[in-house]
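Residue numbering for the sequence shown follows this note's numbering, beginning at 6 and increasing consecutively. Every residue, glycine too, gets a C-beta built ideally from N, C-alpha and C. Written below as structure tokens is the structure these notes are about.
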Amino acid sequence: MAVDQIKRLYESMPAKLDRARKRFGRPLTLAEKILVSHADNFDTQEWSRGKAQLRLRVDRVALQDATGQMALLQFMQAGKKQVAVPSTVHCDHLIRAQSGASEDMQRAVTENNEVYSFLHSASRKYGIGFWKPGAGIIHQVVLENYAFPGGLMIGADSHTPNAGGLGMVAIGVGGADCGEAMAGLAWEVLDPKLIGVRLTGKLSGWTSAKDVITYLLGVLTVKGGTNKIVEYFGPGAESISATGKGTICNMGAELGATTSLFQFDGRMVTYLAATDRADIAKLAEQHREHLVADPEVLADPKKYYDEIVEIDLSELEPHIVGPHSPDRARPISKLAAEVKKEGWPAQIKAALIGSCTNSSYEDMKRAAHVAMQALKAGLKAKTPFLVTPGSERIYQTIKRDGIMETFEKIGGTVLANACGPCIGQWKRSDVGKEESNTIVSSFNRNFPGRNDGSAATLSFLTSPEIVTALVFGGTLEFDPVHGTIPGPDGKAFRFTPPESEELPAAGFARGAEGFEAPAADGDTVQVIVSPTSERIQLLQPFPGWDGKDFTELPVLVKTKGKTTTDHISPAGTWLLVRGHLDKISDNMFLGANNAFTGEVGKGTNPVTGEKSQNFSKMARELKARGTAWAVVGDENYGEGSSREHAAMSPRYLGCQMVIVRSFARIHETNLKKQGILPLTFSKPSDYDLVEQGDRLSVSGLSQLTPGKTVTVVITKAGGKTVSIQCLHTLTDEQIGWFKAGSALNALT
Ligand code: MIC
Ligand code: SF4
């Protein structure tokens, strides 16, 4: 964003903040300052944490190549000539990691040609900045180029909060939200509650930023942040670099949080200056008081945040989380005992560092410091080691500074600057599909099947430096912080804590940055989509609601336990058809645990009785008969990715209603946007009432009213009925989306 736009924002803040202080009758937190300064209309806006729906004006929109396809296809349906806010597209998710950066890149460009041509031509036409494949991972590139203190951004990716490391409110959303903001509409979000995290002490030794968030995940769990903003403050914050703050905010997505952010400080100034934005740093310094919480708030936080967590960084031990959920946390010193108790395979089959969460210069340098110690001691790697740099800038810099050479000397493979193994774009041949095995990484997600498509892989997450040390232990039973491993001379070898400067002393090296500006005259550009494309399918609007109540909808699937968007719409090879709704719908619920039969991805057809049928096949059969259906789900349903395919595929194949114990924020909105009715059981135990073969009815849909419960009648196989109460969070406007068939239909 141009400096003068930021200047205008900062200059407009004092008056807006004063009005807010008067209206609320109290001082403001930083998150509140940013939300208030981006209100579409402060005067008519209702403010009530956890209750009001905020209408905001965003400063930026960021898209990546997997979710961005649907976002652009939806934006195109709005019929606008240009995007209304600065926007960028980043080609990062579609690059498959197989044999190292240069071959992987070449293969990706050929394989994904159709998709890249679509994204590229659409970007050129509509005024969107285009970051080519190889330029880097969306969140790292955004942090290096666009994030700024006090800004508001949305992105079609759940880890958009990474930019909170520079004091920005950056929120992950579905593609439809992005499409609408790009079309010039105000963007809506539930007024979040606020968790204040007060940091004291200092990071030092082995403890790194990653441990702040892995520890917090253990405290708050994967649903502890739902519809909340996590705001960090306190004297300990200055001991964390801006990129370290980015790591913490990035992985705050795993708390289900709306976003996370830090108060503006000197570490942000340093980072902005190092990434060629000294002008923005100066401007922010001039407006510092508006980019931090009010002093009264910081002096007595309990009074102003809904919840407070205190973390003493000096006492914090390095943590490791997993397997299968990022909130399964413990200090690294407690891992070995748990591995034994649980019978998990202790041998580590692969160690991976990088990803959007942990690929700063500091991360790479600390990992290299550990690797150097091992090299000096003559230790041999016991585990394959894969490195994904976050951006071309990081890649060129670690190459210049010899860090890459160190990684290569320990047998490491440097992959393309892309998501790769983090999103299942990893062609692995060392273990069989069903073979139970263990991997460690510095990524942010570890759901079953996430990295290599195999649910038998147990994935643990920790800091890059701990991952690197584990390469030499080769086992989860090694604690690099307190333990030793045998050196080549037979003597016990102990690592010393990693050291690194925060930023490259010689500045960042530059390479092929990979940015392409939009065309000067978009009218001359045509968006390239072949009518016979196997990868991109132009969207047809979903039909509007027929005005009828739901009568005896069969339950296609009742999911048990964790149902992330990776369970509903898996990634990996399915990324190839993210722009083709019909084709991708074949993956629907492939990873879901069936509560009725215990199967994964399959169930009994509620109409024909056919057993062990794949859910998408079942749904297609029901659709062909004109039978709409419903889904029943468990806690935190739709956790994880922002991919709206997890809502669009069900909608496309005939789903009308999803009833769950609780929803993850982004997914609930995605369901609303696509015209599905999302309900929660008002008594969570009513989940247990739904059995195989039951049918669900809802009457009075034309009187759907915000805040009013809905009665759902369960008809049992024998004809007996049970009535239960369900809640919904639809606003009047969102009820309009349901009636129109989708948010987009309501708009056009
Ligand atoms: C993820 O980390 O799960 C992803 C892949 O980046 C997703 C986006 C996607 O599914 O394309 C996300 O986090 O939103
Ligand atoms: Fe890419 Fe992984 Fe980051 Fe998602 S979490 S943006 S897949 S690197």
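The secondary-structure analysis by DSSP pairs HIS324 across a beta bridge with PRO336. Assignment of beta-bridge partners to ASN442 by DSSP yields THR462.
Here the alpha carbon of GLY155 sits roughly 40 Å from the alpha carbon of ASP484.
Bridge partners of TYR237 according to DSSP: VAL202 and PHE267. Annotation for ASN599: GLY608 place their beta carbon closer than 6 Å to its own, counting only its chain and skipping 5 residues before and after. Just measuring C-alpha positions, the residue of GLU243, ALA168 and ASP691 sitting nearest GLY257 is ALA168. Contact check between the stretch 506-526 and the stretch 397-413: three or more CB pairs, one atom from each, fall below 8 Å, which counts as touching. Using a Cβ-Cβ distance cut-off of 8 Å, the stretch 539-551 and the stretch 141-155 are not in contact, since fewer than three pairs of beta carbons, one from each stretch, lie closer than that value. For ARG540, there is no enclosing beta strand (DSSP E), as DSSP marks it with neither H nor E. ARG60: member of the beta strand (DSSP E) spanning 58-61, first to last residue. Sequence-distant partners of GLU315 (beyond 5 residues in either direction) whose C-beta falls short of 6 Å from its own C-beta, in its chain, are ARG203. Counting only runs of 4+ residues, the alpha helix (DSSP H) found wholly inside the stretch 338-417 occupies 340-347, 366-381, 397-405 and 408-414, in chain order. In this structure, LEU199 is the residue among LEU199, GLY230, THR219 and LEU260 with its C-alpha nearest to the C-alpha of PHE238. In this structure, DSSP gives LEU190 a state outside helix and strand, which the three-state scheme calls coil. Residue ranges of uninterrupted beta strand (DSSP E) with 3 or more members, entirely inside the stretch 551-630 and ordered along the chain, are 555-563.
Beyond the five residues adjoining it in sequence on each side, GLY478 comes within less than 6 Å, by CB distance, of ILE490 in the same chain, given in chain order. Comparing alpha-carbon positions, the option among LEU735, GLY549 and SER122 lying closest to LYS744 turns out to be GLY549. Distance from the C-beta of ASP162 to the nearest heavy atom of ligand 2 is below 7 Å.
Scanning the stretch 249-304 for uninterrupted alpha helix (DSSP H) segments of 4 residues or longer gives 271-279, 283-291 and 300-304, listed from N- to C-terminal end. Membership of PRO331 in any alpha helix (DSSP H) is not indicated, and neither H nor E is assigned to it by DSSP. Counting along the chain, no alpha helix (DSSP H) covers ILE142, and no H or E run does either. Taking the Cβ atoms as the reference, ASN255 lies roughly 20 Å from HIS329, outside the contact range of under 8 Å. With contacts defined by Cβ atoms closer than 8 Å, ALA67 and THR212 do not form a contacting pair. Between ILE100 and GLY425, the C-beta gap is smaller than 8 Å, which places the two residues in contact. Taking C-beta atoms under 8 Å as the contact rule, GLY201 and GLU236 qualify, at a distance of about 6 Å. If you draw a straight line from the Cα of ALA351 to the Cα of ASN422, it is about 30 Å long.
Rounded to whole angstroms, the separation of the alpha carbons of THR726 and LEU561 is 19 Å. If you check the CB distance, SER446 and SER464 come in under 8 Å. In this structure ILE143 is not in contact with ASP109, their Cβ atoms being roughly 18 Å apart against a cut-off of 8 Å. Relative to ligand 2, the nearest heavy atom lies less than 7 Å away from the CB of ILE143. GLY210 places its beta carbon less than 8 Å from that of PRO502. Nearest in C-alpha terms to LEU266, of all of GLU37, ASP693, LEU658 and LYS385, is GLU37.
Judged by pairs of C-beta atoms under 8 Å, the stretch 616-623 does not touch the stretch 566-580, as fewer than three such pairs exist.
Remark: the C-beta of ALA89 is outside contact range of ligand 1, defined as less than 7 Å to any heavy atom. With a 10 Å radius around the Cβ and a threshold of 16 neighbouring Cβ atoms, HIS487 comes out exposed. The criterion of a C-beta distance shorter than 8 Å is not satisfied by ILE133 and THR72.
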